[in-house]
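Engineer: Got a structure for you, questions after.
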Amino acid sequence: MERLIKKLSMTCRSHLDEEEEQQKQNNLQEKISGGSVRYVSLCSPLLALLQMNLKEFAMMNEDQDDEEFLQQYRKQRMEEMRQQLHKGPQFRRVFEISSGEGSTLIMVHIYEDGIPGTEAMNGCMICLATEYPAVKFCRVKSSVIGASSRFTRNALPALLIYKGGELIGNFVRVTDQLGEDFFAVDLEAFLQEFGLLPEKEVLVLTSVRNSATCHSEDSDLEID
1 MERLIKKLSM
11 TCRSHLDEEE
21 EQQKQNNLQE
31 KISGGSVRYV
41 SLCSPLLALL
51 QMNLKEFAMM
61 NEDQDDEEFL
71 QQYRKQRMEE
81 MRQQLHKGPQ
91 FRRVFEISSG
101 EGSTLIMVHI
111 YEDGIPGTEA
121 MNGCMICLAT
131 EYPAVKFCRV
141 KSSVIGASSR
151 FTRNALPALL
161 IYKGGELIGN
171 FVRVTDQLGE
181 DFFAVDLEAF
191 LQEFGLLPEK
201 EVLVLTSVRN
211 SATCHSEDSD
221 LEID
């Protein structure tokens with residue numbers, strides 16, 4: 001009888017935990033649906049991963065100096081990056097986050113307006129989206145996913161890369177590596193250095209390296 005009572009107790013707790021988690025997911029979805037999201041679609045598990053990564057950032061950063069923490073965080077994530085990438089659906093443009101596919105390689109730009117490097121990153125992603133149609137390029141405001149003001153102040157612009165629902169690349173404050181005004185070729189070379197871009201399709205007619213528009217104007221592009 002004692003074992004049965006214990007088993008029932010564990011089952012009830014498990015069920016309540018599931019209900020609580022589902023409620024959190026529903027609240028997040030309502031917030032995203034009614035917010036100012038303008039350009040794509042990631043699945044809620046991926047949005048949950050984004051939030052979990054930001055919580056991890058906050059916990060690790062509580063008692064550490066900003067510069068030391070950022071260096072440690074980059075090193076830790078770079079060690080976890082994977083080199084094997086596979087082709088998936090074709091997109092050819094930049095999307096705003098709301099839901100998405102777990103099997104697709106997804107690059108997520110976390111940003112806030114007015115942060116140095118944000119406009120440059122947006123322009124670069126527009127260019128790269130046409131060059132790598134098998135990759136889904138997305139962006140989301142840090143406020144939409146509940147990032148702390150500390151994360152927004154110290155880590156943006158940030159670029160998170162997911163494959164199969166797992167985080168395989170994480171770059172915080174990319175302006176430390178690329179500067180505040182950079183081009184698509186710079187971001188492309190940076191990602192290729194870590195093996196985070198697939199091979200370009202043979203039939204793609206335009207090239208990031210010989211596209212004058214992307215090279216000279218991507219820092220000023222606006223995404224409607």
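When we follow the UniProt record's numbering, the leftmost residue of the sequence shown carries the number 1, and every step to the right adds one.
Just so it is clear, CB atoms sit at the ideal spot from N, CA and C, and this is done for glycine as well.
Everything numeric in this text was worked out from a predicted model, so none of it was measured.
1) So Gly123 is in the alpha helix (DSSP H); what residue range does that whole segment cover?
2) If you follow the beta strand (DSSP E) that Leu191 is part of, which residue opens it and which one closes it?
3) Taking the alpha carbon of Thr118 as the reference point, which residue from Ala189, Phe194, Val185, Asp181 has its own alpha carbon closest?
4) Grab me the residues of Ala155's own chain with a C-beta within less than 6 Å of its C-beta, minus the 5 sequence neighbours each way, in chain order.
5) Quick check on the DSSP output: the beta strand (DSSP E) that includes Ala158 runs from which residue to which?
6) Would the segment 142-155 and the segment 182-199 be scored as touching if the rule is three or more Cβ pairs under 8 Å?
7) Alpha carbon to alpha carbon, how far is Ile115 from Phe95? Give it in angstroms, no decimals.
8) What residue from Tyr111, Lys200, Asn122, Gln72 has the CA that sits closest to Ser149's CA?
9) Do you know offhand how far Ile168's Cα is from Ile161's?
10) What does a CB cutoff of less than 7 Å around Gln84 pick up in its chain, not counting 5 residues either side in sequence?
11) Would DSSP call Leu105 helix, strand or coil?
12) Among residues of its own chain, excluding the 5 on either side of Leu121, which ones have a beta-carbon nearer than 6 Å to its beta-carbon?
13) Let me check understanding here. Comparing Cα to Cα, which of Arg93, Glu166, Gln72, Leu50 lies closest to Gly123?
14) Quick one: using the 10 Å Cβ neighbour count with 16 as the cut-off for buried, is Ser142 buried or exposed?
15) Indicate the three-state DSSP secondary structure (helix, strand or coil) for Phe95 in the structure shown.
16) Considering Cα atoms alone, identify which of Gly195, Gly164, Gln71 is closest to Ile106.
17) Inspect the beta-carbon positions of Leu50 and Ile145 and report whether they are closer than 8 Å.
18) Note down the Cα distance separating Lys6 from Glu166, rounded to an integer number of angstroms.
19) Quick one: is Glu131 buried, meaning 16 or more other Cβ sit within 10 Å of its Cβ, or exposed?
Structural biologist: According to the structure data:
1) Translated into positions along the sequence shown, residue 123 becomes position 123. Element bounds for Gly123: 118-131.
2) Reading the sequence shown from its first residue, position 191 is the one you call residue 191. Run containing Leu191: none in the beta strand (DSSP E); it sits in the alpha helix (DSSP H), 184-193.
3) Locating residue 118 in the sequence shown gives position 118, counting from the first residue. Of the candidates Ala189, Phe194, Val185, Asp181, the one whose C-alpha sits nearest the C-alpha of Thr118 is Asp181.
4) If you number the sequence shown from 1, residue 155 lands on position 155. Contacts found: Val172, Arg173.
5) Walking along the sequence shown from the start, residue 158 turns up at place 158. Note, Ala158: beta strand (DSSP E), 158-163.
6) no
7) The sequence position of residue 95 within the sequence shown is 95, counting from 1. The sequence position of residue 115 within the sequence shown is 115, counting from 1. Answer to the nearest angstrom: the Cα atoms are 20 Å apart.
8) Against the sequence shown, residue 149 aligns to sequence position 149. With distances taken between Cα atoms, Ser149 lies closest to Tyr111.
9) The count along the sequence shown starts at 1 and reaches residue 168 at position 168. The count along the sequence shown starts at 1 and reaches residue 161 at position 161. Approximately 6 Å, taken between the alpha carbons.
10) As a position in the sequence shown, residue 84 is number 84, starting the count at 1. Because the pLDDT at Gln84 is just 43, under 50, the model does not fix this residue reliably, and the point stays unresolved.
11) By one-based count along the sequence shown, residue 105 stands at place 105. Leu105 falls in the strand class under three-state DSSP.
12) One-based indexing of the sequence shown puts residue 121 at position 121. First, the residue type needs correcting, since residue 121 is Met and not Leu in the sequence shown. Counting only Cβ-Cβ distances below 6 Å, and skipping sequence neighbours, we find His109, Pro157.
13) Position 123 of the sequence shown, counted from the start, is the residue given in the question as residue 123. Comparing Cα positions, the closest option is Arg93.
14) Here the question's residue 142 lines up with position 142 in the sequence shown. Per the 10 Å Cβ criterion, buried.
15) Numbered from its first residue, the sequence shown carries residue 95 at position 95. Phe95 falls in the strand class under three-state DSSP.
16) Start at 1 with the first residue of the sequence shown, and residue 106 comes out as number 106. Closest by alpha carbon: Gly164.
17) In the sequence shown, residue 50 corresponds to position 50, counting from 1. In the sequence shown, residue 145 corresponds to position 145, counting from 1. Cβ distance < 8 Å, so Leu50 and Ile145 count as in contact.
18) Locating residue 6 in the sequence shown gives position 6, counting from the first residue. Locating residue 166 in the sequence shown gives position 166, counting from the first residue. With a pLDDT of only 48 at Lys6, under 50, the local geometry of the prediction cannot be trusted, and no value is derived from it.
19) The residue labelled residue 131 in the question sits at position 131 within the sequence shown. Buried, by the Cβ-count rule.
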